[in-house]
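Residue numbers are given in full-length UniProt numbering: position 492 of the sequence shown equals residue 492, and the series is strictly consecutive. Heads up, the beta-carbon is just placed ideally off N, CA and C, and yes, glycines get one too. Being a predicted model, the structure only gives us computed values, none of them experimental. Have a look at the structure below, then the notes.
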Amino acid sequence: MSTLKKFIKYYKPYKNLFFIDMFCALIVSAIDLAFPQILNFLTKGVFTGSSSEIMKSLWIVGAGLLVMYLLRYAGQYFITSWGHIMGSRMESDMRQDLFDHYQTLDFSYYDRNNTGEMMSKLISDLFDISELAHHGPENIFISSIKIIGSFILLTMINSQMTLILLAVTVAMFIFCLRKNIKMKSVFMDNRKKIALVNSSVQDTLSGIRVVKSFANEEIEHNKFKLCNLKFLASKNSSYLIMGSFHAGTSIFQGLLYAAVLISGGYFIAKGSLKPTDLAIYALYIGIFLNPIEVLINFTEAFQKGMSGFKRFLEIIETEPEITDRENGKQLINPCGKISYNNVSFHYDDTSEVLDNVSITIDAGKTVAFVGPSGGGKTTLCSLLPRFYEVTDGEITIDGIDIRDITLKSLRKSIGIVQQDVYMFSGSIRENIAYGNPDAGKDEIIEAAKNANIHDFIMSLDNGYDTYVGERGTRLSGGQKQRIAIARVFLKNPPILILDEATSALDNESERHIQESLERLSKNRTTIVIAHRLSTIRNADEIIVISENGIQERGTHKTLLTKNGLYAKYYNMQFEGLD
Ligand code: ADP
Ligand code: MG
């Protein structure tokens with residue numbers, strides 16, 4: 001019931017359209033109901049006169065019928081066109097809501113869920129909604145009027161026959177209800193299986209370069225085939241149920257006509273029914289059965305639409321855990337002093353990744369995290385923009401607990417450059433402007449110059465308008481990285497996180513980028529994670545982190561003289577590499 005309520009909420013913006021639609025539905029069904037009545041009147045009243053009288057009235061009857069059917073046509077036109085438009089608008093509203101809601105969900109949600117499946121919810125699950133939204137109320141309304149109207153008229157013609165009719169109809173309804181329950185679960189299963197197909201396609205195509213480089217098309221073929229076959233099996237079982245459903249209902253309909261014919265013959269023989277009345281009666285059975293058939297067909301659309309809507313609700317009702325507090329403060333031009341105070345953290349399903357960590361970074365200073373992979377350096381950084389929430393302790397910026405700061409202003413104050421750069425499909429200009437959509441042309445060029453990428457961009461045929469390919473496939477790793485740096489220059493945040501920003505690059509590109517990174521960190525509070533220790537020598541503090549927490553901290557000099565872990569790493573790198 002509450003699902004239905006939530007569905008009805010989406011009609012609100014289209015109230016007027018909805019009521020006009022219902023009004024048209026009323027006209028259409030009233031006219032359908034009137035036709036046999038008019039025929040009845042004509043055969044009993046008008047067509048019994050002399051032939052010249054009949055000819056005279058035919059004009060009036062013809063004109064009346066014409067007006068009636070023009071009206072019906074207009075009503076039907078409105079229902080079909082504008083009713084569908086209303087349904088599509090609702091569907092589009094839902095899709096937008098779902099998209100917007102996806103953007104509010106936490107990183108941990110994305111860790112747990114597969115994006116292919118999420119896309120499926122956004123696209124295929126909502127396919128049948130507009131049909132449901134449009135035909136639902138109209139079908140129920142028209143059908144109720146027709147069923148009740150024709151039932152009354154049928155009873156007026158012969159109440160005993162109508163009792164038989166009623167008995168068969170009730171049996172048919174019970175049959176439908178029982179089949180319905182099965183259809184519902186099978187349609188839900190259809191949705192789940194198509195979602196698997198979607199995510200399989202998405203997974204393979206996003207990783208197509210890896211697939212081809214391992215020549216593993218066969219493996220992907222088999223993985224996809226499995227999903228595809230499961231979907232097929234699910235569809236098959238839905239068609240089997242639909243088949244028995246439709247066959248069953250037509251048997252009931254046949255039964256109904258047979259019962260009426262035989263009982264009608266019986267009443268005629270007994271003299272309590274006129275043959276013309278039986279004909280009119282048969283016409284009304286048509287009007288009575290047609291909406292029942294419509295309703296039966298509609299249950300299928302209803303189940304499809306509703307199972308899609310239910311999956312839609314599953315997401316819409318997933319509340320993000322990381323949100324603004326009620327009286328969240330805006331972080332405006334912070335100095336950028338950062339404190340981690342006794343911070344502990346673990347992911348949903350992991351043991352403690354950080355255990356009682358305390359770090360203070362003064363405004364404008366640089367702190368470097370070094371240590372073995374898996375030690376928790378990235379995790380430590382992702383707590384600052386609240387991608388994940390600390391499980392214990394607190395993090396402050398300029399003394400304010402970050403949980404008291406609005407997410408938007410917090411994240412606008414932090415710039416992040418990571419090892420892998422995400423490029424949106426579009427031009428280089430658009431990708432740089434992502435750092436500040438309001439930036440003008442000159443600012444974009446200035447940022448590109450600061451990131452040492454301007455000359456490269458100008459060497460391209462289309463300059464800043466060069467298309468970067470999906471995920472930036474047309475650019476090298478170093479070029480992408482410099483565009484990412486330009487983005488952050490444009491964003492101009494007071495706090496900076498550089499998470500292995502140069503780790504994926506060769507020495508030559510690294511040197512190029514190191515220079516722009518140093519320019520970028522000037523006057524910003526910076527956390528830098530690097531595995532090439534040469535790049536962090538000048539940090540104000542170096543913190544060595546391993547799985548067992550903070551091992552050492554100090555400047556490059558003090559750590560070297562201490563001759564501990566850091567000194568060991570450092571010496572190892574310089575013996576082996578540089
Ligand atoms: P580092 O950056 O130092 O290499 P990470 O912070 O990436 O280390 O990882 C620290 C630990 O947390 C690792 O054991 C890793 O497996 C785990 N981890 C990292 N990200 C997630 C995540 N999204 N969900 C669950 N566990 C994670
Ligand atoms: Mg890391």
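Using the rule of at least 16 other Cβ atoms within 10 Å of the residue's Cβ for burial, across every protein chain shown, is residue 342 buried or exposed? Flag for residue 342 reads exposed.
Going by the beta-carbon positions, is the gap between residue 104 and residue 176 smaller than 8 Å? No, the Cβ-Cβ distance between residue 104 and residue 176 is not below 8 Å.
Would you report the Cα separation of residue 509 and residue 225, rounded to the nearest angstrom? The alpha-carbon atoms of residue 509 and residue 225 are separated by roughly 42 Å.
With a 10 Å radius around its C-beta and 16 neighbouring C-beta atoms as the bar for buried, classify residue 111 as buried or exposed. Answer is exposed; the Cβ neighbour count stays below 16.
May I have the straight-line CA-CA distance separating residue 118 from residue 195, to the nearest angstrom? Going from the Cα of residue 118 to the Cα of residue 195 covers about 8 Å.
Spatially closest choice to residue 544 from 16, 386, 374, 384, by CA coordinates: The shortest C-alpha separation from residue 544 is found at 374.
Bridge-paired residues (DSSP) for residue 497: 416, 527.
Quick one: grab the DSSP three-state call for residue 384. Residue 384: coil per DSSP, three-state reduction.
Continuous beta strand (DSSP E) assignments of at least 3 residues falling wholly in the stretch 299 to 382: Taking only runs of at least 3 residues, the beta strand (DSSP E) segments lying wholly in the stretch 299 to 382 are 338 to 345, 354 to 361, 366 to 370.
Using a Cβ-based criterion (distance less than 7 Å to any ligand heavy atom), does residue 378 qualify as near ligand 4? Looking at this structure, you won't find ligand 4 anywhere; what it does contain is ligand 1 and ligand 2.
Is residue 375 near ligand 1, judged by its Cβ being under 7 Å from some heavy atom? Within the cutoff, so yes.
Using only CA atoms, which one of 358, 493, 354, 302 lies nearest to residue 588? Coverage of the chain is limited to positions 1 through 578, which leaves residue 588 absent and any answer about it impossible.
Helix, strand or coil for residue 249, going by three-state DSSP, please let me know. Note: residue 249 maps to helix in three-state DSSP.
In terms of residues, what are the limits of the beta strand (DSSP E) holding residue 396? Run containing residue 396: 392 to 397, per the beta strand (DSSP E) assignment.
Is DSSP giving residue 508 helix, strand or coil here? Residue state for residue 508 is assigned as helix, using DSSP reduced to three classes.
Got a sec, what are the start and stop residues for the beta strand (DSSP E) residue 554 sits in? Looking at the DSSP string, the run of the beta strand (DSSP E) that includes residue 554 is 549 to 554.
Starting from residue 546, trace the beta strand (DSSP E) both ways and give me its first and last residue. Looking at the DSSP string, the run of the beta strand (DSSP E) that includes residue 546 is 541 to 546.
Assign residue 461 to one of three DSSP states: helix, strand, or coil. Residue 461 falls in the coil class under three-state DSSP.
Three-state class that DSSP yields for residue 277 in the structure shown: Helix.
Under the DSSP definition of a beta bridge, which residues are partnered with residue 467? Answer is 427.
Kindly give me the distance between the Cβ atoms of residue 116 and residue 203, rounded to whole angstroms, as I take these residues to be in contact under 8 Å. The distance from the Cβ of residue 116 to that of residue 203 is about 6 Å, consistent with a contact at the 8 Å cut-off.
Take residue 452 as the anchor and find which of 501, 143, 515 has the nearest alpha-carbon. The shortest C-alpha separation from residue 452 is found at 515.
Could you please give the first and the last residue of the uninterrupted alpha helix (DSSP H) stretch that includes residue 402? Careful: residue 402 lies outside any alpha helix (DSSP H) and carries neither H nor E.
Any non-hydrogen atom of ligand 1 closer than 7 Å to residue 579 Cβ: With the chain running from 1 to 578 in the structure shown, residue 579 is simply not present.
Taking C-beta to C-beta, are residue 468 and residue 426 nearer than 8 Å? For the pair residue 468 and residue 426, the CB atoms are nearer than the 8 Å cut-off.
Just to confirm, is the Cβ distance from residue 145 to residue 72 under 8 Å? No, these two residues do not count as a Cβ contact at 8 Å.
By Cβ distance, which residues of its chain are closer than 6 Å to residue 143, with the 5 residues on each side in sequence left out? For residue 143, where only same-chain residues beyond five positions count, the Cβ hits under 6 Å are 291, 294, 295.
Using a threshold of 8 Å, state whether the C-beta atoms of residue 551 and residue 565 are closer than that. Closer than 8 Å, so yes.
Quick one, are the C-beta atoms of residue 281 and residue 161 less than 8 Å apart? Yes, Cβ-Cβ distance for residue 281 and residue 161 is below 8 Å.
Is it right to say residue 174 is buried, meaning 16 or more other beta carbons lie within 10 angstroms of its own, or is it exposed? Exposed: under 16 other Cβ atoms inside 10 Å.
Could you say which of 477, 50, 289, 99 lies nearest to residue 123 if we only look at CA atoms? The shortest Cα separation from residue 123 among 477, 50, 289, 99 belongs to 99.
Would you mind sorting residue 154 into buried or exposed? The rule is 16 or more other CB atoms within 10 Å of its CB. Classification for residue 154: buried.
Under a three-way DSSP split, which group does residue 127 fall into? Residue state, collapsed to three classes: coil.
Meets three-Cβ-pair contact criterion under 8 Å: the stretch 209 to 228 and the stretch 187 to 201: As far as the Cβ criterion goes, the stretch 209 to 228 touches the stretch 187 to 201, which means the pair count is three or higher.
Have a look at residue 577 and residue 479 and give me their C-alpha separation to the nearest angstrom. Legend: pLDDT at residue 577 = 47, less than 50; position of this residue unreliable, value from coordinates given subsequently. Roughly 24 Å between the two C-alpha positions.
Using the Cβ count rule (16 or more neighbours within 10 Å means buried), how would you classify residue 496? Residue 496 comes out buried.
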